[in-house]
Amino acid sequence: MLVVEDDPAIARALVINLGARGYTVRHAATGAAALELAAAGGIDCVLLDLGLPDMPGLTVLDGIRGWSAVPLIVITARHELESKIEALDRGADDYVTKPFALGEVLARLRAALRRGPGGDEPEPSVIATADGALEVDLRASQVRRDGQPVRLTPHEWRIVEHLARNRDRLVARADLLRAVWGPGYEGETAYLRVYLSQIRAKLEPEPARPRYFLTELGMGYRFAAQGAPR
14 MLVVEDDPAI ARALVINLGA RGYTVRHAAT GAAALELAAA GGIDCVLLDL
64 GLPDMPGLTV LDGIRGWSAV PLIVITARHE LESKIEALDR GADDYVTKPF
114 ALGEVLARLR AALRRGPGGD EPEPSVIATA DGALEVDLRA SQVRRDGQPV
164 RLTPHEWRIV EHLARNRDRL VARADLLRAV WGPGYEGETA YLRVYLSQIR
214 AKLEPEPARP RYFLTELGMG YRFAAQGAPR
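Each residue of the sequence shown is one higher than the one before, counting from 14 in my numbering.
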């Protein structure tokens, strides 16, 4: 859960109350910090204030929507219908105006999470290959090869995590770069070649003949949970 709010009192109230209800909460007081935390991964919902000190909240909304479909609820003091329509048109899932009742925010949050990525069917916490050789534990932020944990760098983990969440589907290079490094890195394709080589060396039985982390030439990468055909 990411709370993007520059008002210290409101931010503290949200962090405390959400934490007391079992949510793991990160807080950002600026748009730049919000985009950095969102790009780092592990965020299942965003509560976004539109009035931020360094950039418009809608810019943050556009940035997150550029690479993520995570549920996002706008919380703002702007009551104008036009502001609500614009936020919803640009990808917000819901819109709450200040002052708000905490119960209303919690109810809208639960609804957004229910209809978020994956719908009512929760994503598994462990994504395993069909042969059981690799397990990507999303909750523990860990990969196990043949049952043994493998140490990955933060960027290696984010690549593996994003590919595993989109298992058996092509992930475009630009989308993967945005998910791991954030906006502005879409052209740094050399990063992916270097890191995928490192990931294969650690996780593939034969790194030169990858079975799980596949390159789709000219397009992107794919985590083949079923294994590459031989």
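Even for Gly, the Cβ is constructed at its ideal location relative to N, Cα and C.
Check whether residue i and residue j have beta carbons under 8 Å apart
i    : j    : result
W194 : A47  : no
L190 : F236 : no
P84  : D67  : no
V73  : L60  : no
L65  : G44  : yes
V173 : L183 : no
F226 : L209 : yes
A114 : Y108 : no
Three-state secondary structure (DSSP) of residue i
i    : result
G70  : helix
G132 : Note that G132 scores a pLDDT of 42, beneath 50, so its modelled location is shaky; the value from the coordinates is reported in the next line. If DSSP states are grouped into helix, strand and coil, G132 belongs with coil.
E174 : helix
L147 : strand
E229 : strand
V38  : coil
V28  : helix
R260 : The chain is shown only over 14 to 243; residue 260 falls outside these bounds and no answer can be derived.
D107 : strand
L48  : helix
Cα-Cα separation, residue i to residue j
i    : j    : result
P135 : A141 : Residue placement at P135 is flagged as unreliable, the pLDDT there being 48, under the threshold of 50; the coordinate-derived value follows with that caveat. Roughly 16 Å separates the two Cα atoms.
A22  : I29  : 11 Å
L63  : T202 : 33 Å
L15  : A42  : 11 Å
G131 : A90  : With a pLDDT of 45 at G131, under the threshold of 50, the predicted position of this residue should be treated as unreliable, though the coordinate-derived value follows. Whole-angstrom Cα-Cα distance: 31 Å.
D159 : A24  : 43 Å
D144 : Q239 : 8 Å
H40  : V17  : 6 Å
I98  : L27  : 25 Å
D133 : R127 : With a pLDDT of 40 at D133, under the threshold of 50, the modelled position of this residue cannot be trusted; read the value that follows with caution. Using only the alpha carbons, I get a separation of about 5 Å.
G116 : E199 : 40 Å
E93  : T110 : 10 Å
D57  : G231 : 30 Å
R178 : V87  : 25 Å
D188 : E169 : 15 Å
Q155 : I77  : 24 Å
Segment limits, alpha helix (DSSP H) that includes residue i
i    : result
I98  : 94–102
R127 : 115–127
P162 : That residue, P162, is in no alpha helix (DSSP H); its beta strand (DSSP E) goes 161–163.
R213 : 202–216
Run of the beta strand (DSSP E) containing residue i, from where it starts to where it stops
i    : result
L15  : 15–17
R9   : No information on residue 9 is available, as it lies outside the stretch 14 to 243 that the chain covers here.
Q155 : 155–158
A141 : 139–141
I56  : From DSSP, I56 is part of no beta strand (DSSP E); its letter is neither H nor E.
V87  : 85–89
Proximity test, Cβ basis, 8 Å: residue i and chain E
i   : result
A46 : The question asks about chain E, but that chain is absent: this structure has only one protein chain.
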